[in-house]
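Below is one structure, written out as structure tokens; the observations come after it.
Numbering (the UniProt record's numbering), first residue to last: 1 to 370.
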């Protein structure tokens with residue numbers, strides 16, 4: 001019962017605080033004595049803070065306001081991408097306290113070696129956070145592949161199968177698909193919309209569907225493999241064994257061709273380079289076809305383009321939007337708004353850190369050992 005009540009009080013502060021103890025008692029239905037005891041534990045754990053006085057509403061007497069604290073407890077978001085490793089420390093107010101990125105070529109790599117480098121990054125980042133007075137109490141890792149039961153089942157571009165990362169560091173580590181966590185990052189740190197389809201453009205193309213502020217994972221947690229929606233039935237072969245998949249036309253490799261980076265492609269597009277414009281047009285057309293099917297099936301409130309699609313949005317918006325409008329006009333009139341991610345390349349690593357914050361809010365007794 002105490003664990004449940006801690007979650008109720010902390011959740012109320014999180015959703016609608018700051019609140020006085022009297023206001024918390026009124027909102028939660030708990031007694032003032034119970035609330036005071038629980039608040040003392042949360043203050044001691046460093047997850048809430050007292051921040052001045054407000055009118056409590058009881059005969060006009062002022063009370064001390066309680067809000068989430070960003071001074072002592074933090075979480076760690078991690079990402080293994082094809083060409084980098086990333087870490088991000090976020091406090092409970094969802095303020096980013098530090099970011100670290102390490103360029104790397106992780107294609108067809110040795111899991112043990114990459115995880116060793118990631119462990120080093122974790123140690124370095126947590127040590128720096130601790131120097132500033134923060135205690136990192138949990139981490140989550142975004143990976144470009146399918147995840148089940150805490151195991152990375154298949155990440156074709158990394159060349160990994162059935163890799164367990166639970167022993168990554170001396171703190172709890174959750175693991176999830178990059179597109180899922182990027183969608184949650186957009187939910188918690190970006191546009192804050194509660195109904196949208198997030199499309200992550202990387203080497204592959206993934207998607208995360210958020211409905212009513214919750215991520216839809218599917219029966220086996222594998223929802224969102226947009227990159228393997230067929231857009232041209234007799235198109236080029238895809239690594240999945242099919243032909244004409246979206247990834248073949250709109251994945252990062254397809255967009256870049258022989259160019260070295262997305263920044264170089266964007267510069268070519270800015271200059272009006274014909275080959276670059278044709279690649280963007282081809283990718284935008286394919287995205288429009290795939291997203292038409294997604295809209296017809298899922299009816300999202302909006303479509304958010306992230307990952308490499310973010311910096312390329314000015315050149316993708318036209319062909320994607322035109323394709324959606326043309327195909328959906330008779331069915332629904334106006335397609336859902338097409339927007340660019342508000343947090344860019346940090347979406348997945350922020351979503352990973354945010355996932356641990358949500359766990360703290362939902363189960364403070366278990367996560368914090370109260």
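Glycine is no exception: its CB is placed at the ideal position from the N, C-alpha and C atoms.
Buried or exposed: residue 220, going by 16 or more other Cβ atoms within 10 Å of its Cβ?
exposed
Which two residues bound the contiguous alpha helix (DSSP H) that contains residue 289?
274-298
Between 79, 90, 78 and 80, which has its C-alpha nearest residue 70's C-alpha?
Nearest in C-alpha terms to residue 70, of all of 79, 90, 78 and 80, is 90.
Taking only runs of the alpha helix (DSSP H) that begin and end inside the region 188-215, which ones reach a length of at least 4 residues, in chain order?
none
Counting beta carbon pairs with one atom in the region 282-298 and one in the region 194-206, are three or more of them shorter than 8 angstroms?
Here the region 194-206 lies against the region 282-298, with 3 or more beta-carbon pairs under 8 angstroms apart.
Between 272, 329, 67 and 106, which lies nearest to residue 314 when the distance is taken from Cα to Cα?
272
Three or more C-beta pairs below 8 angstroms linking the region 360-370 and the region 324-342
no
Under the three-state reduction of DSSP, which class applies to residue 5: helix, strand or coil?
helix
Leaving out five residues before and five after residue 348 in sequence, what residues of the same chain have Cβ atoms less than 7 angstroms from its Cβ?
79, 142, 178, 181, 182 and 185
Measure how close the beta-carbons of residue 39 and residue 66 come, nearest whole angstrom, since I'm counting them as under 8 angstroms.
6 angstroms
At the level of alpha carbons, what is the spacing between residue 92 and residue 366?
16 angstroms
Could you give the first and the last residue of the continuous alpha helix (DSSP H) run that contains residue 267?
Here the alpha helix (DSSP H) through residue 267 covers 262-270.
If you check the beta carbons only, do residue 235 and residue 227 fall under 8 angstroms apart?
Taking 8 angstroms as the cut-off, the beta carbon of residue 235 is found no closer than this to the beta carbon of residue 227.
May I have the straight-line CA-CA distance separating residue 193 from residue 212, to the nearest angstrom?
Distance between the alpha carbons of residue 193 and residue 212: 9 angstroms.
Going by beta-carbon coordinates alone, are residue 210 and residue 195 separated by less than 8 angstroms?
yes
Going by Cα to Cα distance, which pick from 119, 133, 110 and 140 is closest to residue 163?
110
Reference residue 68, options 215, 218 and 16, closest by Cα:
When each option's Cα is compared against that of residue 68, the closest is 16.
Given this structure, state the Cα-to-Cα distance separating residue 3 from residue 263, to the nearest angstrom.
Here the C-alpha atom of residue 3 lies approximately 49 angstroms from the C-alpha atom of residue 263.
Nearest-angstrom Cβ-Cβ length linking residue 133 and residue 75, presumed shorter than 8 angstroms
Not really, about 15 angstroms apart at Cβ, beyond 8 angstroms.
At the level of alpha carbons, what is the spacing between residue 302 and residue 230?
If you take the alpha carbons of residue 302 and residue 230, they lie about 22 angstroms apart.
Beta carbon of residue 94 nearer than 8 angstroms to that of residue 354
Their beta carbons are under 8 angstroms apart, which means residue 94 touches residue 354 by this criterion.
Within 10 angstroms of the Cβ of residue 261, are there 16 or more other Cβ atoms? Answer buried if so, exposed if not.
Only exposed fits residue 261, as fewer than 16 other CB atoms lie within 10 angstroms of its CB.
Is the beta carbon of residue 369 sitting closer than 8 angstroms to the one on residue 344?
no
Which residues in the same chain as residue 267 place their Cβ atom closer than 6 angstroms to its Cβ, once the five residues preceding and following it in sequence are excluded?
none
Proximal residues to residue 96 (C-beta, below 7 angstroms), its chain only, five neighbours per side dropped:
88 and 90
Is residue 124 buried or exposed, if buried means 16 or more other CB atoms sit within 10 Å of its CB?
exposed
Using a Cβ-Cβ cutoff of less than 7 angstroms, which residues in the same chain neighbour residue 276 once the five nearest sequence positions on both sides are dropped?
The residues are 265, 268 and 269.
Count the other CB atoms, across all protein chains shown, that sit within 10 Å of the CB of residue 146; report buried if there are 16 or more and exposed otherwise.
buried
Quick check: the Cα distance between residue 120 and residue 113, rounded to an integer number of angstroms?
11 angstroms
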